[in-house]
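Its first residue numbered 5, the sequence shown is counted upward by one per residue in the numbering used here. First comes the structure, then the notes that go with it.
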Amino acid sequence: MSTEHLKTIEQRLLWLSHWMIHHANHVRPKVDGIKIGGHQASSASMVSIMTALYFSVLRPEDRVAVKPHASPIFHAIQYLMGNQTREKMENFRGYGGVQSYPSRTKDIDDVDFSTGSVGLGVAITSFASLVQDYIAAKSWSGDKPLGRMIALVGDAELDEGNVYEALQEGWKNDLRNCWWIIDYNRQSLDGIVREGLFDRVEKIFDAFGWQVVRVKYGVLQRAAFAEPGGDKLRQWIDDCSNQDYSALTFMGGAVWRKRLMDDLGDQGDVTALIDRRSDDELADLMENLGGNCTETMAEAFAAIDHDKPTCFLAYTIKGWGTPIAGHKDNHGGLMNKTQMAEWQQHMGVAEGEEWEPFATVPDVGALKAFLDQVPFFAKGIRRFSDDKIAVPAIELASDRDISTQMAFGKVLDDLSKGDSKLAERIVTTSPDVTGTTNLGPWVNRRKLFARKAMADAFIEHRIPSTAKWEFTPEGQHIELGIAEMNLFLLLGAAGLSHSLFGERLIPIGTVYDPFVCRGLDALNYACYQDARFMIVGTPSGVTLSPEGGAHQSIGTPLIGMSQDGLAAFEPAFADELAVIMEWAFDYLQRDGEGDPDERTWLRDETGGSVYLRLSTNPIEQPVKRADDAFRQGAIDGAYWLRKPGPNCEVVIAYQGVVAPEAIKAAGELAGNRRDVGVLAVTSADRLNAGWTAAQRARSRGNAAARSHIEQLLGDLPGHCKLITVIDGHPATLAWLGGVAGHQTIPLGVEHFGQTGTIGDLYRHFGIDAASIIEKVNGLTPGRRV
């Protein structure tokens, strides 16, 4: 390790990151007239940590989640190494430029984990480590070196509750190879962090089996402590409040001298220690905390010789090395033009060389030779890929009443009995609702994952139980506690396994549908980084009648429609579900360029994740259907269950478990209304996406562009009325009237439910057959039923 080279790199990164931010805010022409931002101070506090990490300790197999506000440092690193372009750096926070926060999908450089929503980038590293262990335990994984999953953490991120949920889950799963490096600058957006906070946080880490390494003093401070009187200086630093330390840092060396002399001056050893240093040297000493010292951080990292989870508490100065260091307003603050000009002179960067990666470097050749040997960058971009897995035919015919949740369990059970590669790569997970979401048969056959085998005491003692829970390294189910954020973080990590670890997994998670909302931030986060997984929300809606309003979902269909990167389905029948799941297992693996399919105008070749909203209500199944129109319609989002005639007066469009009510109502209406149609909607999400995409295509000159829903509704007469019905928010389907200009009467659930029978609640919310008929009688012209 060359401390001289590390110091040079640190100063280059400090300049390049801050110049990029300054250029975006003060040099590049402003279009919107608003501040661009960029977090100069938060970047500065991380520069020494990231220099030591990336250039002295990381290996290609390691993966890093970068603190969102340290994004400029990350991109400066990539720019220095030739993995980022000047054009994109100049366009920081602009369209097509370097993103505000590291993004796997938007940035061109080597981002391991997208970050931005604080706390989530921290927690996903623990789940990535769990996924790495899961893969390593399998016979098909090959012999790959295990990497460390590392999070660079802002101290204010420790306010996020999901961090502690992840700590607990990590302890349950014997977490290893995970580092969290905390930038303890003791300042957040609104002020100074409370005194003594980390004493309590440290106890939490210790309780969950982590080693905690405090990195408080840099090499200058440690050398000063060894001088006569140094013990008193050390004690003063330990006793100084966060607010005072920040304020003194901002005011500089002369003020440091006065304060230290007032508090410690004794005309003896301490006075001599202070007097031996100029004001600038004294400021350098007092700001030389452990986290702002590359040599100290490199030593701390190199000292770890085990795979136990480790938390580094790195004391830093926010804004370190800049004119805004220590100021309590510096989180969102920026150096003004005058400050930047003075700082540029201080940093020795000549005018016109601001973007030059190696400006100010005395021996460029020696530095480049050092960079060529840095292990982390030695193999280039570290993203992997894996072959697509063939999907076997999935068929599920039933001549009896069955719920979609039961059908889902049957599909997985059938797969578990076979030896397909798809079944081999499926990993299921659930937040303590494995049995009640019909994963039980799959788990009984495929077992639960643990790095060390654990027997089921009930089996050993021959106690009858439907759950045969055996933990083994070969297991294919990861059981989680009741924390939906952890569920989606695990799905996110597992859904990136092909890219992070070169081995494709097919992650499937189950959760009670109303509690999708409890993990919504992590769901959005997983989709943002293009993780691939299947999430099954079940049971759903007021159809879960005995459980009452707290367990009855209303808005989740709208979440499915609005969430980018997630194709949402709500099938009514088992054969629909089988068709959708077969398609979904392939869709999860696609990575095409995104050209729309001109049949539907959906960008299906890009792939994505899939959300299935299911129900526990067993309903009568249709006769066996195998025609292409049905299969394709179920995938595209809708098909005619009862095709309307040429003089159709009423179409009932339903989604999900209310199918029997829609069918019954249509049958009763048929005697009095002409050519009644029934539209089976399996995915309002895909219908809506295709419709809006087709409209965009037409607006750009493709007059022939017609989406699937436009083709389905296009031949209906103008006087036809649409009645839409769903066990969920009526807005899910209400937009159908806008497709071809038909009056629409949307039915659904808009208020919290309550306990009762399914019939009670359907009547209460007006989504039963009688309510559908009532709306037709009262709101449309024609003969009353």
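Just so you know, even glycine gets a beta-carbon here, dropped at the ideal spot from N, CA and C.
Practice item. Would you mind giving the Cβ-Cβ distance between residue 693 and residue 663, rounded to the nearest angstrom? I have them listed as a contact below 8 Å. Key: For the purposes of this step, residue 693 is taken as residue 689 along the sequence shown, with counting starting at 1. For the purposes of this step, residue 663 is taken as residue 659 along the sequence shown, with counting starting at 1. With a Cβ gap of about 23 Å, residue 693 and residue 663 do not count as contacting.
Check your understanding: Using CA coordinates, which residue listed in 635, 608 and 757 is at the minimum distance from residue 689?
Key -> One-based indexing of the sequence shown puts residue 689 at position 685. Per the C-alpha coordinates, the member of 635, 608 and 757 positioned closest to residue 689 is 608.
Review point. In chain order, which continuous runs of the beta strand (DSSP E) of length 3 or greater are located wholly inside the stretch 524-574?
Key: Whole beta strand (DSSP E) segments, 3+ residues: 538-541 and 570-573.
Review point. Would residue 511 pass as a contact of residue 526 if the rule is Cβ separation under 9 Å?
Key: Indexing the sequence shown from 1 puts residue 511 at position 507. Indexing the sequence shown from 1 puts residue 526 at position 522. Between residue 511 and residue 526, the CB-CB gap reaches or exceeds 9 Å.
Point to revise | Proximity below 9 Å, CB of residue 52 to CB of residue 320 | key: Here residue 52 refers to the residue found at position 48 of the sequence shown. Here residue 320 refers to the residue found at position 316 of the sequence shown. The answer is yes: Cβ separation under 9 Å.
Check your understanding: What is the residue span of the alpha helix (DSSP H) that residue 1 lies within?
Key -> Outside the shown range of the chain, which is 5 to 789, sits residue 1, and nothing can be said about it.
Practice item. Tell me whether residue 194 is buried or exposed, calling it buried when 16 or more other Cβ atoms sit within 10 Å of its Cβ. Key: As a position in the sequence shown, residue 194 is number 190, starting the count at 1. Any reading at residue 194 must be qualified, since the residue scores a pLDDT of 43, below 50, and its modelled position is unreliable; no value is offered.
Check your understanding: What are the start and end residues of the beta strand (DSSP E) that includes residue 646?
Key -> As a first step, residue 646 must be located in the sequence shown, where it is residue number 642. Residues 642-646.
Exercise for review: Taking the CB atoms as reference points, tell me whether residue 708 and residue 600 lie closer together than 9 Å.
Suggested key: As a first step, residue 708 must be located in the sequence shown, where it is residue number 704. As a first step, residue 600 must be located in the sequence shown, where it is residue number 596. Against a cut-off of 9 Å, the Cβ pair of residue 600 and residue 708 comes out as no contact.
Exercise for review: May I ask which residues mark the beginning and end of the beta strand (DSSP E) holding residue 481?
Suggested key: Within the sequence shown, numbered from 1, the residue matching residue 481 stands at position 477. Counting along the chain, the beta strand (DSSP E) containing residue 481 begins and ends at 481-484.
Review point. Taking residue 15 as the reference, which of 81, 69 and 25 has the closest Cα?
Key: For the purposes of this step, residue 15 is identified with residue 11 of the sequence shown, where counting begins at 1. Of the listed residues, the one whose Cα sits closest to residue 15 is 81.
Check your understanding: Among 532, 294, 295 and 261, which residue has its Cα nearest to the Cα of residue 280?
Key -> Position 276 of the sequence shown, counting from 1, holds the residue named residue 280. Distance from the Cα of residue 280 is smallest, within the candidate group 532, 294, 295 and 261, for 261.
Exercise for review: To the nearest angstrom, report how far apart residue 389 and residue 503 are at their CA atoms.
Suggested key: Numbered from 1 along the sequence shown, position 385 holds the residue referred to as residue 389. Numbered from 1 along the sequence shown, position 499 holds the residue referred to as residue 503. So the alpha carbons of these two residues sit roughly 5 Å apart.
Practice item. Note the first and the last residue of the continuous beta strand (DSSP E) segment covering residue 381. Key: Counted from its first residue, the sequence shown places residue 381 at position 377. No beta strand (DSSP E) holds residue 381; DSSP gives it neither H nor E.
Point to revise | Through-space distance from residue 310 to residue 803, alpha-carbon basis | key: Only positions 5 to 789 of the chain appear in the structure, and residue 803 is not among them; the question remains open.
Exercise for review: Use the C-beta contact count for residue 755: other C-beta atoms within 10 angstroms, 16 or more gives buried, fewer gives exposed.
Suggested key: For this step, residue 755 is matched to residue 751 along the sequence shown. Residue 755 comes out exposed.
Practice item. Determine, using beta carbons only, whether residue 650 and residue 519 come nearer to each other than 9 Å. Key: Taking the first residue of the sequence shown as position 1, residue 650 is located at position 646. Taking the first residue of the sequence shown as position 1, residue 519 is located at position 515. Result no, Cβ atoms of residue 650 and residue 519 do not sit closer than 9 Å.
Review point. Does the Cβ-Cβ distance between residue 623 and residue 666 come in under 9 Å?
Key: Along the sequence shown, read from residue 1 onward, the residue named residue 623 stands at position 619. Along the sequence shown, read from residue 1 onward, the residue named residue 666 stands at position 662. No, they are not a contact pair.
Check your understanding: Which word fits residue 514, buried or exposed, when buried means at least 16 other C-beta atoms lie within 10 angstroms of its C-beta?
Key -> Walking along the sequence shown from the start, residue 514 turns up at place 510. Under this definition residue 514 is a buried residue.
Exercise for review: Assess, as a yes-or-no matter, whether the stretch 130-147 is touched by the stretch 472-492 under the definition of 3 or more beta carbon pairs within less than 8 Å.
Suggested key: By the Cβ test, the stretch 472-492 is in contact with the stretch 130-147, since at least three Cβ pairs between them sit closer than 8 Å.
Review point. Where residue 477 and residue 142 are concerned, what is the direct C-alpha to C-alpha distance, given to the nearest angstrom?
Key: To locate residue 477, count along the sequence shown from 1; it is residue 473. To locate residue 142, count along the sequence shown from 1; it is residue 138. Their backbone Cα atoms lie some 7 Å apart in a straight line.
Exercise for review: Can you tell me which of the three DSSP states residue 782 falls into?
Suggested key: As a first step, residue 782 must be located in the sequence shown, where it is residue number 778. Annotated three-state conformation of residue 782 is helix, per DSSP.
Point to revise | Distance between residue 61 and residue 246 (C-alpha atoms, nearest Å) | key: The residue you call residue 246 lines up with position 242 of the sequence shown. The residue you call residue 61 lines up with position 57 of the sequence shown. Rounded to whole angstroms, residue 246 to residue 61 spans 30 Å at the Cα level.
Review point. Do we get a CB-CB distance below 9 Å when we pair residue 53 with the residues of chain D?
Key: Among the chains in the structure shown there is no chain D, since it carries only a single protein chain.
Check your understanding: Are the stretch 213-228 and the stretch 294-305 in contact at 8 Å, needing three or more beta carbon pairs?
Key -> Cβ pair count under 8 Å is three or more, so yes.
**Study point:** Helix, strand or coil at residue 513 according to DSSP, with G and I counted as helix
**Key:** Position 509 of the sequence shown, counted from the start, is the residue given in the question as residue 513. Look at residue 513 here: in three-state DSSP terms it is strand.
Check your understanding: When you compare each of 750, 767 and 660 to residue 758 by their alpha carbons, which one comes out closest?
Key -> What you label residue 758 is simply residue 754 of the sequence shown in a count that begins at 1. Checked all of 750, 767 and 660; the closest Cα to residue 758 is 767.
Review point. Are residue 50 and residue 96 closer than 9 Å when you measure CB to CB?
Key: Here residue 50 is taken as the residue at index 46 of the sequence shown, counted from 1. Here residue 96 is taken as the residue at index 92 of the sequence shown, counted from 1. 9 Å or more divides the Cβ of residue 50 from the Cβ of residue 96.
Check your understanding: Hey, residue 555 and residue 516: beta-carbon distance below 9 Å or not?
Key -> The residue given as residue 555 occupies position 551 in the sequence shown. The residue given as residue 516 occupies position 512 in the sequence shown. Yes; because the gap between Cβ atoms is below 9 Å, this pair is in contact.
Practice item. Reducing DSSP to helix, strand and coil, say where residue 725 ends up. Key: By 1-based counting over the sequence shown, the position of residue 725 is 721. Strand at residue 725.
Check your understanding: Rounded to a whole number of angstroms, what is the C-alpha to C-alpha distance between residue 440 and residue 537?
Key -> Walking along the sequence shown from the start, residue 440 turns up at place 436. Walking along the sequence shown from the start, residue 537 turns up at place 533. C-alpha of residue 440 to C-alpha of residue 537: approximately 20 Å in a straight line.
Point to revise | Beta-carbon spacing of residue 105, residue 73 below 9 Å | key: Position 101 of the sequence shown, counted from the start, is the residue given in the question as residue 105. Position 69 of the sequence shown, counted from the start, is the residue given in the question as residue 73. The Cβ-Cβ distance between residue 105 and residue 73 falls below 9 Å.
Check your understanding: How many whole angstroms separate the CB atoms of residue 2 and residue 353, which I take to be in contact at a CB cut-off of 8 Å?
Key -> The requested residue 2 does not occur in the structure, where the chain is confined to residues 5 to 789.
Check your understanding: Given a threshold of 16 other Cβ atoms within 10 Å of its Cβ, counted over all protein chains shown, does residue 792 qualify as buried or as exposed?
Key -> Within the shown structure, residues of the chain are numbered from 5 to 789, placing residue 792 beyond reach of any answer.
Check your understanding: Can you tell which of 737, 458 and 189 has the C-alpha that lies nearest to the C-alpha of residue 296?
Key -> Translated into the one-based positions of the sequence shown, residue 296 becomes position 292. The candidate whose alpha carbon is nearest that of residue 296 is 189.
Point to revise | residue 435, enclosing alpha helix (DSSP H) - first and last residue | key: Numbered from 1 along the sequence shown, position 431 holds the residue referred to as residue 435. DSSP places residue 435 in no alpha helix (DSSP H) but in the uninterrupted beta strand (DSSP E) bounded by 430-435.
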